[in-house]
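Here the structure is laid out as structure tokens; the discussion comes afterwards.
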Amino acid sequence: MNIVQQFGIFFSNIFSIISSPSLLLILFGSTLMGIIFGALPGLTATLGVALLTTLTYSMSTQAALVALMGIYVGAVYGGSYGSIMLNIPGTASAAATALEGYPMALRGEAGKALGLTTTASALGTIVGMTFVVIFTPLIAALAMQFTSFEFFLLAFFGILISGSISCPDTVQKGWITGFLGLFIAMVGRDQLQVYPRFTLGMMQLESGIEVVPVLIGAFGIPQIIQVLKDRQVTAEPAKIEKIIPSFGTIGRNVKHIVRSALIGVGIGAVPGIGEDIAAWVSYGTAKKSSKHPEKYGTGFEEGIIASEVANNSCIGGAMIPLLSMGIPGSPPAAMLLGALMLHGVA
576 MNIVQQFGIF FSNIFSIISS PSLLLILFGS TLMGIIFGAL PGLTATLGVA LLTTLTYSMS
636 TQAALVALMG IYVGAVYGGS YGSIMLNIPG TASAAATALE GYPMALRGEA GKALGLTTTA
696 SALGTIVGMT FVVIFTPLIA ALAMQFTSFE FFLLAFFGIL ISGSISCPDT VQKGWITGFL
756 GLFIAMVGRD QLQVYPRFTL GMMQLESGIE VVPVLIGAFG IPQIIQVLKD RQVTAEPAKI
816 EKIIPSFGTI GRNVKHIVRS ALIGVGIGAV PGIGEDIAAW VSYGTAKKSS KHPEKYGTGF
876 EEGIIASEVA NNSCIGGAMI PLLSMGIPGS PPAAMLLGAL MLHGVA
């Protein structure tokens with residue numbers, strides 16, 4: 576199947592969603608819920624997808640995927656609201672946005688910052704999904720030729736790379752965490768030999784440890800505890816004026832948009848890294864290559880565009896290994912894999 580046919584299927588699915596009032600309502604509702612989850616500190620995209628997964632059990636597969644993708648994209652975008660208005664990132668992926676968004680809000684340019692965030696998020700999502708349409712069939716065709724040896728090397732590569740990027744100062748900690756996750760995934764009966772592994776004689780562990788509870792415990796609960804610990808943080812409300820950015824603003828930042836989108840897709844395609852790393856890498860790259868690096872941290876529009884394009888294009892990047900090889904590229908994508916298993920797709 577060539578790329579033209581893939582785009583035809585892609586746009587036909589979009590049209591089926593737009594032409595269906597129920598699916599359109601689900602899309603808007605889940606996206607709004609995702610924005611709320613992202614805007615409130617402690618309610619991350621991973622937690623939002625996890626909580627919504629159980630509610631989609633009675634839905635059709637198409638409706639469930641629309642709802643889950645809506646809350647995923649909405650939460651990543653919504654994290655910028657707290658960063659800009661209150662200097663409190665709603666999600667980890669929006670932390671880099673706070674460095675530029677909040678100073679803009681203090682200057683009375685909160686509306687401009689929100690407009691840049693919305694535009695950059697939309698562009699990043701579009702680019703990411705375009706890469707999904709183009710590369711997923713190609714990688715899936717290659718993955719069909721993989722044996723257990725290649726999958727082992729791919730998993731090993733993902734652990735080493737994600738550990739090195741997530742903990743650049745002490746990569747050993749990242750590697751240990753990655754191999755700990757691999758050990759947790761090994762608990763249960765072997766699917767080929769039906770031999771129990773690390774079950775400690777407990778029948779409850781013979782089916783393995785489910786993805787959703789692990790991710791809620793690993794990502795959701797620590798974030799909530801951290802927010803409760805830092806609940807004394809206060810901030811002055813910002814004033815919103817002009818929201819829609821001009822075409823000139825977008826035009827003079829095309830270079831940053833393209834580079835950040837490629838960074839986001841590339842990092843998203845590496846298993847286990849996620850949107851927060853993509854945002855920081857893109858922000859750092861934009862600062863190093865900028866003609867005015869001294870303006871970063873003072874409310875510079877390049878910084879907002881770089882971080883927001885990257886963390887939203889990372890969503891599409893994380894979908895590529897998930898849909899082609901069944902390997903999630905980010906924690907929310909891992910939760911989506913659990914939802915696909917729940918609906919009998921994966």
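Counting from 1 along the sequence shown, just add 575 to a position and that's the residue number in our numbering.
The beta carbon of each residue, even a glycine, is placed where N, CA and C say it ideally should be.
Problem set entry | alpha helix (DSSP H) segment containing Val884, residue limits | Here residue 884 refers to the residue found at position 309 of the sequence shown. Per DSSP, Val884 belongs to the alpha helix (DSSP H) from Glu876 to Met900.
Exercise. What does Arg772 pair with, by DSSP beta-bridge criteria?
Worked result: Taking the sequence shown and counting its residues from 1, one reaches residue 772 at position 197. Beta-bridge pairing links Arg772 to Gly763.
For this session: For my contact list, Ile895 and Ala854 are in at a C-beta cut-off of 8 Å; report their separation, rounded to the angstrom.
Result: Numbered from its first residue, the sequence shown carries residue 895 at position 320. Numbered from its first residue, the sequence shown carries residue 854 at position 279. Not confirmed; about 18 Å, so no contact.
Problem set entry | Spatial neighbours of Ala760 in its chain, beta-carbon cut-off 8 Å, leaving aside the 5 residues before and after | Indexing the sequence shown from 1 puts residue 760 at position 185. Excluding five sequence positions before and after Ala760, the CB atoms of its chain that fall closer than 8 Å to its own CB belong to Gly783 and Ile784, given in chain order.
For this session: Under 8 Å Cβ to Cβ from Ile646, same chain only, skipping five residues before and after it: list those, please.
Result: Counting from one through the sequence shown, the residue named residue 646 turns up at place 71. Within the same chain, Ser605, Thr606, Met608, Gly609, Phe612, Ala620, Gly623, Val624 and Leu627 come within 8 Å of Ile646 by CB-CB distance, once the 5 residues on both sides are set aside.
Exercise. Which value, in whole angstroms, describes the spacing of the CA atoms of Ala881 and Phe603?
Worked result: Against the sequence shown, residue 881 aligns to sequence position 306. Against the sequence shown, residue 603 aligns to sequence position 28. C-alpha separation (whole angstroms): 26 Å.
Problem set entry | Span separating the alpha-carbon of Gly583 from that of Ser835 | Taking the sequence shown and counting its residues from 1, one reaches residue 583 at position 8. Taking the sequence shown and counting its residues from 1, one reaches residue 835 at position 260. Between the alpha carbons of Gly583 and Ser835 lies a distance of about 27 Å.
Exercise. Mind checking whether Ser857 and Gly703 have CB atoms under 8 Å apart?
Worked result: Looking up residue 857 in the sequence shown gives position 282. Looking up residue 703 in the sequence shown gives position 128. Taking 8 Å as the cut-off, the Cβ atoms of Ser857 and Gly703 do not count as close.
Exercise. Would you call the CB atoms of Ala695 and Ile879 closer than 8 Å?
Worked result: Here residue 695 refers to the residue found at position 120 when the sequence shown is read from its first residue. Here residue 879 refers to the residue found at position 304 when the sequence shown is read from its first residue. With contacts defined by Cβ atoms closer than 8 Å, Ala695 and Ile879 form a contacting pair.
Exercise. Is the beta carbon of Tyr908 less than 8 Å from the beta carbon of Ala885?
Worked result: Here residue 908 refers to the residue found at position 333 of the sequence shown. Here residue 885 refers to the residue found at position 310 of the sequence shown. It is Ala, not Tyr, that sits at residue 908 in the sequence shown. It is not a contact, given that the beta carbons lie outside the stated cut-off.
Exercise. What is the residue span of the alpha helix (DSSP H) that Gln779 lies within?
Worked result: Translated into the one-based positions of the sequence shown, residue 779 becomes position 204. Element bounds for Gln779: n/a, residue is neither H nor E.
Problem set entry | Continuous alpha helix (DSSP H) stretch holding Leu615: start and end | Here residue 615 refers to the residue found at position 40 of the sequence shown. Careful: Leu615 lies outside any alpha helix (DSSP H) and carries neither H nor E.
Exercise. Considering only the beta carbon of each residue, do Val920 and Thr636 sit closer than 8 Å?
Worked result: Position 345 of the sequence shown, counted from the start, is the residue given in the question as residue 920. Position 61 of the sequence shown, counted from the start, is the residue given in the question as residue 636. For Val920 and Thr636, yes; Cβs fall inside 8 Å.
For this session: Alpha carbon to alpha carbon, how far is Leu898 from Leu912? Give it in angstroms, no decimals.
Result: Counted from its first residue, the sequence shown places residue 912 at position 337. Counted from its first residue, the sequence shown places residue 898 at position 323. CA-CA distance, Leu912 to Leu898, rounds to 9 Å.
Exercise. What are the boundary residues of the alpha helix (DSSP H) that includes Ile832?
Worked result: As a working mapping, residue 832 is identified with position 257 in the sequence shown. Ile832 -> alpha helix (DSSP H) spans Val829 to Gly843.
Exercise. At what residue ranges does the region 643–689 contain a whole run of the alpha helix (DSSP H), taking only runs of 4 or more?
Worked result: If we require 4 residues or more, the alpha helix (DSSP H) runs fully inside the region 643–689 come out as 670–681.
For this session: Can you tell me which of the three DSSP states Pro903 falls into?
Result: Locating residue 903 in the sequence shown gives position 328, where the first residue counts as 1. Here Pro903 sits in coil by DSSP.
For this session: Go to Val624, then tell me how far its alpha helix (DSSP H) extends in each direction, as first and last residue.
Result: Taking the sequence shown and counting its residues from 1, the one referred to as residue 624 is at position 49. For Val624, the enclosing alpha helix (DSSP H) has its first and last residue at Ala620 to Leu630.
For this session: Could you tell me if Glu869 is buried or exposed, where buried requires 16 or more neighbouring beta carbons within 10 angstroms of its beta carbon?
Result: In the sequence shown, residue 869 corresponds to position 294, counting from 1. Exposed is the call here.
For this session: Hey, could you find the ends of the alpha helix (DSSP H) Gly826 is sitting in?
Result: Here the question's residue 826 lines up with position 251 in the sequence shown. Phe822 to Gly826 is the span of the alpha helix (DSSP H), which, as asked, contains Gly826.
Exercise. Can the beta-carbon of Ala914 be found closer than 8 Å to that of Thr631?
Worked result: Here residue 914 is taken as the residue at index 339 of the sequence shown, counted from 1. Here residue 631 is taken as the residue at index 56 of the sequence shown, counted from 1. Yes. Within cutoff.
Problem set entry | Nearest residue (CA-CA) to Ala614, options Thr752, Leu717, Val651 and Glu850 | If you number the sequence shown from 1, residue 614 lands on position 39. When only C-alpha atoms are compared, the closest one is Val651.
Problem set entry | Delimiting residues of the alpha helix (DSSP H) encompassing Ile940 | Look at the range of the chain in this structure, 576 to 921, and you will see that residue 940 is not part of it.
Exercise. In three-state DSSP terms, what is Gln637?
Worked result: Position 62 of the sequence shown, counting from 1, holds the residue named residue 637. Correct three-state label for Gln637: helix.
For this session: Can you tell me the Cβ-Cβ gap for Leu640 and Ile659, rounded? I've got them flagged as a contact below 8 Å.
Result: Working through the sequence shown from its first residue, we reach residue 640 at position 65. Working through the sequence shown from its first residue, we reach residue 659 at position 84. Beta-carbon to beta-carbon, Leu640 and Ile659 are separated by about 30 Å, too far to satisfy the 8 Å threshold.
Exercise. By Cβ distance, which residues of its chain are closer than 6 Å to Ile825, with the 5 residues on each side in sequence left out?
Worked result: Position 250 of the sequence shown holds residue 825. Spatial neighbours of Ile825 in its own chain (CB-CB distance under 6 Å, excluding positions within 5 residues in sequence) are not present.
For this session: Please report how far the alpha carbon of Gln720 lies from the alpha carbon of Asp851, in whole angstroms.
Result: Locating residue 720 in the sequence shown gives position 145, counting from the first residue. Locating residue 851 in the sequence shown gives position 276, counting from the first residue. One Cα belongs to Gln720, the other to Asp851, and the distance between them is close to 32 Å.
For this session: Excluding the 5 residues preceding and the 5 following Lys804 in the sequence, name in chain order all residues of the same chain whose CB lies nearer than 6 Å to its CB.
Result: Along the sequence shown, read from residue 1 onward, the residue named residue 804 stands at position 229. Taken in chain order, the list of residues that qualify is empty.
Exercise. My guess is that Ile890 and Val648 are in contact by the Cβ rule of under 8 Å, so how many angstroms apart are they, rounded?
Worked result: Along the sequence shown, one-based indexing puts residue 890 at 315. Along the sequence shown, one-based indexing puts residue 648 at 73. Cβ-Cβ separation between Ile890 and Val648: approximately 6 Å, consistent with a contact (criterion under 8 Å).
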